[in-house]
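**Q**
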Amino acid sequence: MIDPATIERIIEAANIVDVVSEFVTLKRRGVNHLGHCPFHNEKTPSFTVSQAKGIFKCFGCGKGGNAVNFIMELEQLSYPDALRWLAKKYHIEIAEKEESPEEKLLKDERESMMIVSSFAQKYFSRQLLEENEGRTVGLSYLRERGIRDDIIRKFELGYCPEGKDHFTREAQKQGYRMEFLEKTGLTIKRDDWVRDRFAGRVMFPIHNVAGRVIAFGGRIMTNDKNTAKYLNSPESDIYHKSKVLYGIFQAKRDIAKYDKCYLVEGYTDVLSFHQSGIENVVASSGTSLTVEQIRLIRRFTSNITIVYDGDDAGIKASLRGIDMVLEEGINVKVLPLPRGEDPDSFARSMSASELAAYIRGNETDFIKFKTQLLLEGIGNDPVLKARLINEIVRSISVIPDTITRTVYIKECSRILDVGEEILYAEIRRIKQRTSEEDVKREMQQVRLKTPATATLGKPVSSNPFELEEREILRILLKYFHVVIFQVEGDLPGELIPVTVGMMVLQELDGDGLRSSDPLVNQMIDIFEENLDDRSFDPVKYFINHTDPAISAFATDLLAEKYVESKRWRKSGAFIEDEGEILDTLVPRLIQEYKLKNLKAMLKDLEQKIHELTQRNEFEPIFDLQNQYINLKKVEKFLSEKLGNRIIN
Ligand SMILES: [Zn+2]
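Each residue of the sequence shown is one higher than the last, beginning at 106 in our numbering.
(1) For the putative contact between F175 and F161, defined by C-beta atoms under 8 Å, what is the C-beta separation to the nearest angstrom?
(2) I think L582 touches V644, with their Cβ atoms under 8 Å apart; what is that distance to the nearest whole Å?
(3) Would you mind sorting R510 into buried or exposed? The rule is 16 or more other CB atoms within 10 Å of its CB.
(4) In angstroms, rounded to a whole number, what distance separates the CA positions of T111 and Y733?
(5) Alpha carbon to alpha carbon, what distance is there between R134 and E171?
(6) For the region 351-367 against the region 427-434, do three or more pairs of beta-carbon atoms, one drawn from each stretch, fall closer than 8 Å, so that the two count as touching?
(7) Taking L139 as the reference, which of H145, V129 and Y281 has the closest Cα?
(8) Enumerate in chain order the residues of its own chain whose CB-to-CB distance from I325 is below 8 Å, with the five nearest sequence positions on each side excluded.
(9) Secondary structure at D470, three-state DSSP: helix, strand or coil?
(10) Would the C-beta of K362 count as close to ligand 1, meaning under 8 Å from any of its heavy atoms?
(11) Less than 9 Å between the C-beta atoms of T273 and D296, yes or no?
(12) Does the distance from the CB of L368 to the CB of I311 come in under 9 Å?
(13) Following a CB-centred definition, is E147 positioned closer than 8 Å to any heavy atom of ligand 1?
(14) Please confirm whether I577 and I695 have their CB atoms less than 9 Å apart.
(15) Would you kindly check if the distance between the Cβ of I464 and the Cβ of Y513 is under 9 Å?
(16) Less than 8 Å between the CB atoms is what I'm expecting for L188 and I107, so what's the real figure, rounded?
(17) Going by other Cβ atoms of all chains shown within 10 Å of its Cβ, with 16 needed for buried, is I399 buried or exposed?
(18) K455 by DSSP, collapsed to three states: which one?
(19) Rounded to the nearest angstrom, what separates K421 and L736 at their Cα positions?
(20) Please report how far the alpha carbon of G371 lies from the alpha carbon of A388, in whole angstroms.
(21) At a threshold of 8 Å, does F152 count as lining ligand 1 (C-beta to nearest heavy atom)?
(22) E214: which of Q277, L131, I343 and K701 sits nearest, CA to CA?
(23) Let me know the secondary structure DSSP gives V503 once reduced to three states.
(24) When every heavy atom of ligand 1 is checked, does at least one fall within less than 8 Å of the C-beta of F144?
(25) Going by the beta-carbon positions, is the gap between G263 and S341 smaller than 9 Å?
(26) Should C517 be listed as close to ligand 1, given that the test is whether its C-beta is under 8 Å from any heavy atom?
(27) Do you know whose CA, among G243, I501 and L424, lies nearest L78's CA?
(28) Tell me where the alpha helix (DSSP H) around P441 begins and ends.
(29) Rank H379, S390 and Y363 by C-alpha distance to the C-alpha of P346 and give the top, closest one.
(30) Near I504, which residues of its chain fall below 6 Å by C-beta distance, leaving aside the five closest residues on each side in sequence?
(31) Considering only residues of the same chain and omitting the five flanking positions on each side of G323, which have a CB-CB separation below 8 Å?
(32) When the Cβ atoms of the region 624-638 are set against those of the region 715-723, are three or more pairs found closer than 8 Å?
(33) With DSSP run on the structure shown, which of helix, strand or coil describes D614?
(34) For G165, verify whether its CB is less than 8 Å away from any heavy atom of ligand 1.
(35) Report the option in Q279, R453 and S393 whose CA atom is closest to the CA atom of G251.
Structure (structure tokens):
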């Protein structure tokens, strides 16, 4: 662990232009530096580095952040490892934080387990490539399956010899302790005997993201029907199988580069894809797909293509996978394989270019996939069709992003030939069954009908309040502690200063306004926590935040000028320095935001009332109508305050 003081020194020392220049040729452009983005292919440079702000920003692909983020992204390193990289560059000695005896013991234990695993991997590899048994049994099997030697080396495949305890004895002879052989599961020990867990198996080491071996999968070489074909290491302090993806270490660079990840089932599927030149592929091996695994992928991309075996079990697994991936806000596609094929056999049956062409031609949107699949054998049966619609709408309803949801509803409506209103109604019906909390969130979400404010050249956002929320955050970042006016206190003549931060947070809090974007809420919460801390420097804090999503977001806010200019045009005046008009700017900003929220709520209520009327359900309407009238009053009040300006 690196102690906070050292982290601060590293961040202070890191000169962004200096760091970026190690990888990108930069040219000076006014106050900034400009170069070709290392994260995406571009002909004209749009990668900008600001020496003064200590940040980089690509206006092509949107990547941005401080020096630490740059190294993390480019070298695909974790936060601490990126800090270590920078420390080395600037000759800063890292004082790793003093650990408690328990922490140290646990760390030492984990480290010892990784060291044993690494020894085992090397031992197994040597057996496979150099020893007689390994070559005749293991290597010939792999070659028979058409696996090339470069792939065998890349994935550090190996072989564990037959017999009771060849490996364990060798490990002990080399000084590795039984305790860790047992804890990693490489050796099975009972009172009076020990044996190798993987004896007689071809070994697939499982690496963590950083590339260290943490576990193994072993494939049996005999045809014994009573023994599992694959055996995996047991769960341990270093191996939690629900959090690990096979191949992630070998795939991460390409996943980030192509902004996409293929998801297959088994070890050999991963190998075959690599062999065909597709390296952005991982397997959920040894377990069905978990949320943790999806989140691991999300660190590198938000596009997943599920490649499933062309049999019923495979289809079932991928259907289940789809909903889980959707729920994490990731775009999902499916690559169906012909019946009877698995990714391994399929990839091996064709050339690399044929495989690439097949993928391009057959990758299917999940809606289409699910529909086609379920439509089989339904014909014109209305009951079955209703069930199908329900199935598909259920998948759509878990998508957190409203715009994506809208797009899918349209698609679904087209394919199934069902009106969009019916699908929306169905979604609401599904959601109504969930808890009251969910229903409340749905209220907010029915902002669906508000068209998104998509800005040219930026990814379409799901948040209709994005512009306003970004502006509020930007103002908080820049002027958090600035006093905008004073209010009278309890004592005679006492004046209490009100800062931008106090005013904004109090107003948002008072109305219980929350964003549909969790990142915005997270930042607001941090502002809230530090409201009274005069030493809190939001720019420094957020730019250097350990969560790359937050620091990238803050960078974005500070880097972009478009929000600012848009505002000025909107208010119809040109002002040199916004810092001088904060006392009018901030209240106006808040009121605009409130008003827009209000309008969305009103629209939502109108819609609800309309639906209830159509269904002749008059009882709940009265309540809603009362709410509606009250909100209308507030709307009028706010509009007047804003000088009757029309805001949409
Ligand atoms: Zn870029």
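Built from N, CA and C at the ideal position, the CB exists for glycine as well.
**A** According to the structure data:
(1) 6 Å
(2) 6 Å
(3) buried
(4) 56 Å
(5) The displayed chain sequence assigns Asn, not Glu, to residue 171. Approximately 19 Å between the Cα atoms of the pair.
(6) no
(7) V129
(8) G305, R306, T332, A333, K334, Y335 and L336
(9) strand
(10) no
(11) no
(12) no
(13) yes
(14) yes
(15) no
(16) 6 Å
(17) buried
(18) Per the sequence presented here, residue 455 reads as Met, with Lys not at that position. Coil.
(19) 47 Å
(20) 6 Å
(21) yes
(22) I343
(23) coil
(24) yes
(25) no
(26) no
(27) Only positions 106 to 753 of the chain appear in the structure, and residue 78 is not among them; the question remains open.
(28) No alpha helix (DSSP H) contains P441, which is instead part of the beta strand (DSSP E) from N436 to P441.
(29) Before going on, a small fix: residue 346 reads as Lys here, not Pro. Checked all of H379, S390 and Y363; the closest Cα to K346 is S390.
(30) L431 and R510
(31) C265, R302, F303, R306, V307, M308, F309, Y335, L336 and N337
(32) no
(33) helix
(34) yes
(35) R453
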